[in-house]
Amino acid sequence: MKIVGIVGSNAEVSYNRLLLNFIKKQYSQLFDLDVIEIKDIPLFNQSDNQTESAPIQKLNKKITEADAVIIATPEHNHTIPASLKSVIEWLSFEIHPLENKPVMIVGASYYDQGSSRAQLHLRQILDAPGVNALVMPGNEFLLGKVKQAFDENNNLKEQNTIKFLESTLKKFVQFVQLVTRLDESSDQPLPEEDLHVTNTIDTTIKDVNMSAEDWVEQAAKKVNAVEGDTYVKLNRGILTVDQINTFLASMPMELTFADNNNQFLYYNYTKPAEEMLADRVPGQVGNPLALCHPERSLKSVEWVIQQLRSGKQDAVRVHVPTHGPDKFVVHNYQAMHDDQGNYAGINEYVLDFKPVVNWYLKQTGQKLEGSTDSLSNSPKHDVDAGSGATTKG
Ligand SMILES: Cc1cc2nc3c(=O)[nH]c(=O)nc-3n(C[C@H](O)[C@H](O)[C@H](O)COP(=O)(O)O)c2cc1C
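Numbered per our numbering, the sequence shown spans residues 791 to 1183.
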């Protein structure tokens, strides 16, 4: 479960930030918490619409893609700080990422009942039309006397407080699961995927036939692609093209790159298709994804891409049991994102996990429960990843 934790304070040093960081660290088994800041968000001004600015769009995207939100609010003058209120105004003006989003409120402040009044106000604010968040009822966590609450490692000192916090977070997780189930039953279908690549994007190499056997050679000529011992500056490093190839070829997995336009652009070619876990052939590179799969698999391919593009799932994993009991082959379809967080395509890596698991078991002196070969029992899955990657052969 992906949860965004909003630090409701714009102060350099903030107890509410400490609280969220503690939650992130202490309860990582319950959910992934992405702690985000509001200090770069400008003051709301209806006459100076900054909805499209990078900090507001970043916040919008993170909230939209998260399953839920935890807001840690300080209390200023018996209410929430102006900086937090300003953020909620931006998030209810032209964009509405909190709409129907499960939210939990927590708060830390100096005094005994600190943050209780701010929390009540925040509930009302989040309920306003335009915000329309789904604040979990009856679940409150107040951290009063906050100056004494943390030890030198920024951990909460009181075991009872830690236990109580855990119980409120567990209730919130159940609430999120319930809301998500209700939401899924009324889900709108996701937009169709253009698997035949009928449009281009900025990085598409134009005027080269995508299904040509020598697409790579033709496309390389078109854009004067560098090769061999030419240096390429990367983040973070400099390698020659040969070194990049050597590096990628040494990855203990089969790697494939399909861009956000559903064009197959790369695989770390080292062996013939018949020796691969997921067969690829050199002439296939450049193809629209529709040409890389048999017709009967296209619905599954589309479903996977829809999950990744929409952010519903960061990764889709499929166990492909057709390699026999000696292997546990998993196709991992991992969403890629650019610096701005935009969907950038699929990193598909295919590997046999069995040697890794066997090594781990040996190192830790453990055995798999049940049978020595539990890993070969294949779970049933809706996605067809065993159909082979090419219709060209
Ligand atoms: C202008 C101002 C007003 C405050 N009003 C309250 C208050 O009404 N109730 C309270 O419990 N604490 C109040 N405090 C103290 C806050 O609890 C304290 O600054 C807290 O650390 C804020 O959270 P932060 O550390 O995450 O920024 C106030 C602090 C400031 C600066």
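Cβ coordinates follow ideal geometry from the N, Cα and C atoms, glycine included. Given the structure is predicted, the values throughout are model-derived calculations rather than measurements.
What are the partner residues of residue i, as DSSP defines its beta bridges?
i     : result
P892  : L924
I826  : I796
F940  : L946
I1028 : K1023
L932  : G897
Going by DSSP, what residue range makes up the alpha helix (DSSP H) through residue i?
i     : result
I1034 : 1031-1039
K1012 : 1005-1013
D996  : In the sequence as presented, Asp is not what sits at residue 996; that position holds Lys. Note, K996: premise wrong, no alpha helix (DSSP H); not H, not E.
L820  : Unbroken run through L820: none, as it is neither H nor E.
Using the Cα positions of residue i and residue j, report the straight-line distance between them to the nearest angstrom.
i     : j     : result
L1158 : K1144 : 12 angstroms
T1162 : Q1153 : Reliability of the predicted coordinates at T1162 is poor, the pLDDT of 49 falling under 50, and the value obtained from them is presented with this limitation in mind. Each residue's Cα considered, the two are about 16 angstroms apart.
N800  : E827  : 7 angstroms
S876  : I831  : 8 angstroms
T993  : K1061 : 28 angstroms
L833  : N839  : 10 angstroms
N1137 : L1045 : 7 angstroms
N1051 : Q1124 : 15 angstroms
Y1059 : P979  : 36 angstroms
T965  : T1030 : This sequence places Phe at residue 965; Thr is not what is there. Going from the Cα of F965 to the Cα of T1030 covers about 51 angstroms.
R1086 : A1080 : 11 angstroms
P871  : K829  : 12 angstroms
Q836  : M791  : 35 angstroms
T988  : P1078 : 9 angstroms
T990  : D1004 : 19 angstroms
Y1057 : G1101 : 24 angstroms
L1141 : S843  : 41 angstroms
E1092 : F954  : 44 angstroms
Y1139 : L808  : 37 angstroms
W1149 : Q1156 : 10 angstroms
V893  : D857  : 10 angstroms
G1135 : Q1053 : 9 angstroms
N811  : L932  : 16 angstroms
V1147 : G1114 : 16 angstroms
M1126 : A1105 : 9 angstroms
N806  : L881  : 21 angstroms
A1068 : A1048 : 15 angstroms
A918  : T869  : 16 angstroms
V1108 : V1119 : 8 angstroms
H986  : L1088 : 10 angstroms
K1170 : Q1103 : At K1170, the pLDDT of 40 sits below 50, so the modelled position is not reliable and the matter cannot be decided from this model.
D902  : I861  : 20 angstroms
P864  : Q1130 : 29 angstroms
F883  : G920  : 7 angstroms
I793  : L823  : 5 angstroms
G928  : F962  : 10 angstroms
D1032 : C1082 : 27 angstroms
T970  : Q819  : 19 angstroms
E742  : G1076 : Missing from the structure shown is residue 742; the chain here goes from 791 to 1183 and no further.
L1151 : P981  : 43 angstroms
I813  : V859  : 13 angstroms
G904  : L924  : 23 angstroms
H866  : G795  : 20 angstroms
I952  : I1034 : 48 angstroms
Q873  : Y817  : Sequence check: residue 873 is Ser here, not Gln. Cα-Cα distance, rounded: 27 angstroms.
Starting from residue i, trace the beta strand (DSSP E) both ways and give me its first and last residue.
i     : result
R907  : Careful: R907 lies outside any beta strand (DSSP E), inside the alpha helix (DSSP H) at 906-916.
N800  : Segment: none, N800 is in no beta strand (DSSP E) and carries neither H nor E.
V1119 : 1119-1127
L1189 : In this structure the chain extends from 791 to 1183, so residue 1189 is not present and cannot be described.
V1140 : 1133-1142
Taking 7 angstroms as the cut-off, is the C-beta of residue i nearer than that to any heavy atom in ligand 2?
i     : result
V1119 : Within the structure as shown, ligand 2 is missing, the only ligands being ligand 1.
For residue i, would you say it is in contact with chain C, using Cβ-to-Cβ distances shorter than 8 angstroms as the test?
i    : result
I895 : Going by chain labels, chain C is absent from the structure shown, which holds only one protein chain.
- the region 944-961 contacting the region 880-890, beta-carbon criterion three pairs below 8 angstroms: no
- Message: Threshold first: 3 residues or longer. Then list the beta strand (DSSP E) segments lying entirely within the region 1033-1114, N to C.
- Response: 1044-1049, 1054-1057, 1105-1110
- Mind listing, in chain order, the continuous beta strand (DSSP E) runs of no fewer than 3 residues lying wholly within the region 856-881? 858-863
- Message: Count Cβ pairs between the region 1007-1023 and the region 985-999 that sit closer than 8 angstroms; are there 3 or more?
- Response: yes
- Query: Below 8 angstroms, can you find three or more Cβ-Cβ pairs linking the region 1091-1108 to the region 1012-1020?
  - Reply: no
- Query: Any contact of the region 800-810 with the region 846-856, i.e. 3+ C-beta pairs under 8 angstroms?
  - Reply: no
- Task: Report yes or no: do three or more beta-carbon pairs, one from the region 911-922 and one from the region 942-956, lie closer than 8 angstroms?
- Result: no
- the region 930-941 contacting the region 894-903, beta-carbon criterion three pairs below 8 angstroms: yes
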